Amino acid sequence: MIWETVVLALRAIRRNVLRSFLTVLGIVIGVAAVITMVTLGDGATEQVRADISSLGSNMLQVRPGQGFRGPGGVRMSAERFKISDAQAIQREIAGLKAVAPLSDQSAQAISGNRNWSTSVMGSTNDYLVVRDWPLENGRVFTGAELNSGSAVCILGATVAKELFGDQDPLGAFIRLDRLSCQVVGVLASKGQSSFGQDQDDLVMVPLRTMQRRIAGNTDVKAVMVSAMDGVSTEMIREDIEGLMRERRRISAGQDDDFHVRDMQEIVSTLTSTTRVLTTLLGAVAAVSLLVGGIGIMNIMLVSVTERTREIGTRLAIGAREGEVLMQFLIEAVVLSSLGGLFGIALGLGAAALGAHLLGMPFVLNPGIVVLAFVFSASVGVVFGFFPARRAARMDPIEALRHE
Amino acid sequence: MNDTAPESISSPLILLEGITKVYGSGPAAVHALKGVDLKIDKGEFVAVMGPSGSGKSTCMNILGCLDTPTAGAYRFKGVDVGGLSRDQRALLRRNFLGFVFQGFNLLSRTSALENVELPLIYRGVPAGERHAKARDALKAVGLEGWEFHTPAELSGGQQQRVAMARAMVIEPEVLMADEPTGNLDSTKGREIMDLLCSFNTERGVTIVMVTHDPGMAGYAGRIIQFLDGLIDSEGPGRRHAS
Ligand SMILES: Nc1ncnc2c1ncn2[C@@H]1O[C@H](COP(=O)(O)OP(=O)(O)OP(=O)(O)O)[C@@H](O)[C@H]1O
Ligand SMILES: [Mg+2]
């Protein structure tokens, strides 16, 4: 008899093609939307985490001014760093792998008739150590070049491409504003940062060159340091803060006029941001799941009259309540799980495609797959089954008279 | 069906005693049946007549175990139907009763064949036998070649005959038909009546039929007149031979 009931249910599905299709569609859309959104959101979070660790998670940045924390304007009045500050950090703080003072500003880079607006970064070779940034081609600065402030530069991958295209830039001369300097190296490409910046859009020159021949001052805008493996960045941060307060003669109780930014901190800020994003996407998806559910509900409720009459007919020719219920339950379960499976396939497919197009990792979250499936399947079953149950409990004649 | 009990020689096939049916309650209550007593024996062909609203359909629905009376006793083959559970009544309908509704009540978007097969499915008849029986039933009502048409593609008379085939396919003991010729012209009506007569005479099926048409009622062996929720009079039909 169970088999006969399955046959009846399948026949009913075939008979009500449109209704069945719409039910399945509602579930497919709901499930697919949730899975796609949440999977992409998780992928974004994962990517940010990976990006930041490529940025160097054991890196700290020391800058004059109060950073994000203080009220605006305070930063302007803060005293600039000098090379001696970087040297003091190097000397006094233990557990550092590299210390790189840097000073940057934007400039026009010109080669022949090509012209590219970029940022010039004055620093030492230590900058490349801190950023863990290898060269693609050429060499780093020599000690002599660094000391004398020679007119040499290392190009970021983007600048190299914009100015030289496929040609080899090594040995060529470019102009940075008014300074003509020779290309000695090209950096490997790092791609976009998680902030959406092109990290390869820069030209590196020795710090002295920057100060004397481009900026015309002896300022150091920031000092970047990286901790040795296994050394806590939190400890180094405290050490640097102590040292700088001393050097800048900040008495106890006075606010710092500089700040140390820990990449670890940025990592957690950013991942919590993307987590908010995932939650938001999830919420949007939940709404589409709900809308899909309401769609299914509507279809089922609109067809209640027809179903009630049909149930009346079945009861009248001798079907038992249980048999009718089983048939409608099977129908609802078959449609819902069909929709759910299609939805999962579509959702994972769309998420995989989206992740591929956006260059993000594909992170499968089985919990959400199960949740979306269970939710919409229950909607299908509940709204397919309960009107049928009401009808099956009526006297046949009552069900047949239903309007 | 152990519940439908020993068929005692003495008890008639159908016995109604003091059946009443009240719709609604309070001042708005409608007393559709006010105490109907009726006895129908196996093999009879009974026509039920009466003015509109006199309670004919209400009575038929109770006879067909589709509705429950407010009070009174209904014995089918000596068994008190009022004492049966819903499922037992369903089995009664499944195994002994064929019902033809005034409005046919065929499943839409479903072929004539599948409609006729439906009661057999609930009886658990295997597919092959089911198809054969359903085809035979359709052939018997003159619908050979129309097996795969849906109700929407059939005329009123054809739908009526599909409904008849569906009621007959289980070889019921009783066939109940509520105005089987109600929406048909007299030629089509006569075809249906001939069909009913052949079921009655050739297969020994007991038939209870509601009609407004005295001509159609004339086919029956006995005519019962309803009036205002009660049986007003009884008389023999044309075929009342013996
Ligand atoms: N479901 C119902 N709810 C309330 N009243 C009903 C219901 N069904 C029937 N009635 C009332 O019961 C009475 C008898 O109805 P019934 O359908 O049995 O009449 P009938 O003899 O079949 O009439 P007709 O020849 O027009 O079909 C009518 O007054 C009708 O209004
Ligand atoms: Mg009627």
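Chain order of the listed sequences is B and D. By the count of our numbering, the first sequence reaches residue 405 at its end, each step adding exactly one. By the count of our numbering, the second sequence reaches residue 286 at its end, each step adding exactly one. Glycine residues also receive a C-beta, built at the ideal position from the N, C-alpha and C atoms. Because the structure is a prediction, the values reported are computed rather than measured.
*Which chain B residues are close to D/L219, counting only those with a beta carbon under 9 angstroms from its beta carbon?*
Translated into the one-based positions of the second sequence, residue 219 of chain D becomes position 175. Those within 9 angstroms of D/L219 in chain B number zero; the least Cβ separation is about 13 angstroms.
*Looking only at its own chain, which residues have a Cβ that is under 8 angstroms from the Cβ of B/G198, when we skip the five neighbours before and after it?*
For this step, residue 198 of chain B is matched to residue 196 along the first sequence. So no residue of the chain qualifies.
*In or out: B/V64 buried (at least 16 other Cβ within 10 Å) or exposed?*
Start at 1 with the first residue of the first sequence, and residue 64 of chain B comes out as number 62. Counting Cβ neighbours within 10 Å, B/V64 comes out buried, since at least 16 surround it.
*Select from the stretch 362-384 of chain B all residues with a C-beta closer than 8 angstroms to any C-beta belonging to chain D, and list them in chain order.*
Within the stretch 362-384 of chain B, no residue has its Cβ closer than 8 angstroms to any Cβ of chain D.
_Could you check whether the Cβ of D/Y118 sits closer than 7 angstroms to any Cβ belonging to chain B?_
Here the question's residue 118 of chain D lines up with position 74 in the second sequence. It does not; no Cβ of chain B falls within 7 angstroms.
*Can you give the beta carbon distance from B/L291 to B/S378, rounded, assuming they're within the 8 angstroms contact cut?*
Taking the first residue of the first sequence as 1, we reach residue 291 of chain B at position 289. Taking the first residue of the first sequence as 1, we reach residue 378 of chain B at position 376. Confirmed, Cβ separation roughly 6 angstroms.
*Neighbour-count burial assignment, B/P1, 16 or more Cβ in a 10 Å radius*: Outside the modelled stretch of chain B, which goes from 3 to 405, sits residue 1 of chain B, for which no answer is possible.
*asked:* Whether or not the stretch 255-275 of chain D and the stretch 78-95 of chain D are in contact is what I'm after, with contact meaning three or more pairs of Cβ atoms, one per stretch, closer than 8 angstroms; do they touch?
replied: yes
*Name the chain B residues whose beta carbon is nearer than 7 angstroms to that of D/T112?*
Working through the second sequence from its first residue, we reach residue 112 of chain D at position 68. Residues of chain B passing the Cβ test: D397.
*Can you find a heavy atom of ligand 2 that lies under 6 angstroms from the Cβ of D/K177?*
Working through the second sequence from its first residue, we reach residue 177 of chain D at position 133. No - ligand 2 has no heavy atom lying nearer than 6 angstroms to the Cβ of D/K177.
*Give me whichever residues DSSP pairs with D/P170 in a beta bridge.*
Against the second sequence, residue 170 of chain D aligns to sequence position 126. Answer by DSSP bridge pairing: none, since D/P170 is not bridged.
*Does at least one heavy atom of ligand 2 sit under 6 angstroms from the Cβ of D/S69?*
Residue numbering aside, residue 69 of chain D sits at position 25 when the second sequence is read from its first letter. No, ligand 2 has no heavy atom inside 6 angstroms of this Cβ.
*Decide if B/L20 is buried, meaning its Cβ has at least 16 other Cβ atoms within 10 Å, or exposed.*
On the first sequence, residue 20 of chain B is found 18 positions in, with the first residue counted as 1. When all chains shown are included, B/L20 counts as exposed.
_Quick check: is the beta carbon of D/A297 nearer than 7 angstroms to any beta carbon in chain B?_
Any question about residue 297 of chain D goes unanswered here, given that chain D covers just 45 to 286.
*Can you tell which of B/Q68, B/G43, B/A35, B/A11 has the C-alpha that lies nearest to the C-alpha of B/D258?*
The sequence position of residue 258 of chain B within the first sequence is 256, counting from 1. Ranking the options by Cα distance to B/D258, first place goes to B/Q68.
*Apply the 10 Å Cβ neighbour rule to B/H358 and answer buried if 16 or more other Cβ atoms are within range, or exposed otherwise.*
Along the first sequence, one-based indexing puts residue 358 of chain B at 356. Classification for B/H358: exposed.
*How about D/P224: is its C-beta nearer than 7 angstroms to some C-beta of chain B?*
Working through the second sequence from its first residue, we reach residue 224 of chain D at position 180. Cβ-Cβ to chain B under 7 angstroms: no for D/P224.
*asked:* Short of 7 angstroms in beta carbon distance, which residues of its chain neighbour D/E188, apart from the five on each side in sequence? Order them along the chain.
replied: Taking the second sequence and counting its residues from 1, one reaches residue 188 of chain D at position 144. Excluding positions up to five away in sequence, the list reads L182.
_Considering just the uninterrupted stretch of the alpha helix (DSSP H) at B/H358, what are its terminal residues?_
In the first sequence, counting from the first residue as 1, residue 358 of chain B sits at position 356. That run of the alpha helix (DSSP H) goes 323-359.
_Is there a C-beta anywhere in chain D that falls below 7 angstroms from the one on B/G320?_
Taking the first residue of the first sequence as 1, we reach residue 320 of chain B at position 318. It does; some Cβ of chain D falls within 7 angstroms.
_What would DSSP say about D/C109, mapped onto helix, strand or coil?_
Numbered from 1 along the second sequence, position 65 holds the residue referred to as residue 109 of chain D. If DSSP states are grouped into helix, strand and coil, D/C109 belongs with coil.
_Tell me the DSSP secondary structure of D/D118 in three-state form._
On the second sequence, residue 118 of chain D is found 74 positions in, with the first residue counted as 1. Checking the sequence shown, residue 118 of chain D turns out to be Tyr, not Asp. The DSSP-derived three-state label of D/Y118 is strand.
_Against B/E2, what residues of chain D qualify as contacts under a CB-to-CB distance less than 9 angstroms, listed in chain order?_
Coverage of chain B is limited to positions 3 through 405, which leaves residue 2 of chain B absent and any answer about it impossible.
*Taking only runs that begin and end inside the stretch 197-222 of chain B, name each unbroken alpha helix (DSSP H) of 4 or more residues, in chain order.*
Listed in chain order, nothing qualifies, since the stretch 197-222 of chain B has no complete alpha helix (DSSP H) run of 4 or more residues.
*Contained beta strand (DSSP E) runs [length at least 3] in the stretch 119-194 of chain D, N- to C-terminal order*: 141-144
*Answer yes or no: does any C-beta atom of chain D fall closer than 7 angstroms to that of B/R21?*
In the first sequence, counting from the first residue as 1, residue 21 of chain B sits at position 19. At a cut-off of 7 angstroms between beta-carbon atoms, B/R21 makes no contact with chain D.
*Run the CB neighbour count on B/N117, radius 10 Å, all protein chains shown included, and call it buried at 16 or more, exposed below.*
Locating residue 117 of chain B in the first sequence gives position 115, counting from the first residue. B/N117 is exposed by the Cβ-count criterion.
*Report the three-state DSSP secondary structure of D/P71 (helix, strand or coil).*
As a first step, residue 71 of chain D must be located in the second sequence, where it is residue number 27. It is helical.
*asked:* Quick check on the burial criterion: 16 or more other C-beta atoms within 10 angstroms. Buried or exposed for B/T240?
replied: Numbered from its first residue, the first sequence carries residue 240 of chain B at position 238. The residue asked about is misnamed: residue 240 of chain B is Glu in this sequence, not Thr. The residue in question, B/E240, is exposed, as its Cβ has fewer than 16 Cβ neighbours within 10 Å.
*Can you give the Cα-Cα distance for D/P56 and D/E217, rounded to whole angstroms?*
To locate residue 56 of chain D, count along the second sequence from 1; it is residue 12. To locate residue 217 of chain D, count along the second sequence from 1; it is residue 173. C-alpha separation (whole angstroms): 13 angstroms.
*Can you list the residues of chain B that D/N149 reaches, using a CB-CB cut of under 8 angstroms?*
Translated into positions along the second sequence, residue 149 of chain D becomes position 105. Correct list: R311, G314, T315, A318, L402.
*Environment of B/A109 [buried if 16+ CB atoms lie within 10 Å]*: Stepping through the first sequence from its first residue, residue 109 of chain B is reached at position 107. Flag for B/A109 reads buried.
_Is D/K183 near ligand 2 - that is, is its Cβ less than 6 angstroms away from at least one heavy atom of it?_
If you number the second sequence from 1, residue 183 of chain D lands on position 139. Checking the Cβ of D/K183 against ligand 2 gives no.
*Would D/T231 count as contacting chain B if we go by Cβ distances under 7 angstroms?*
On the second sequence, residue 231 of chain D is found 187 positions in, with the first residue counted as 1. No, because no Cβ of chain B sits closer than 7 angstroms to the Cβ of D/T231.
*asked:* I need the DSSP call for B/R77, collapsed to helix, strand or coil.
replied: For the purposes of this step, residue 77 of chain B is identified with residue 75 of the first sequence, where counting begins at 1. Its pLDDT being 46, under 50, B/R77 is placed unreliably in this model, and the value from its coordinates should be taken loosely. DSSP places B/R77 in helix when its eight states are reduced to three.
_Taking its Cβ as the centre, do 16 or more other Cβ atoms sit within 10 Å of D/I275, making it buried, or is it exposed?_
As a first step, residue 275 of chain D must be located in the second sequence, where it is residue number 231. It counts as buried.
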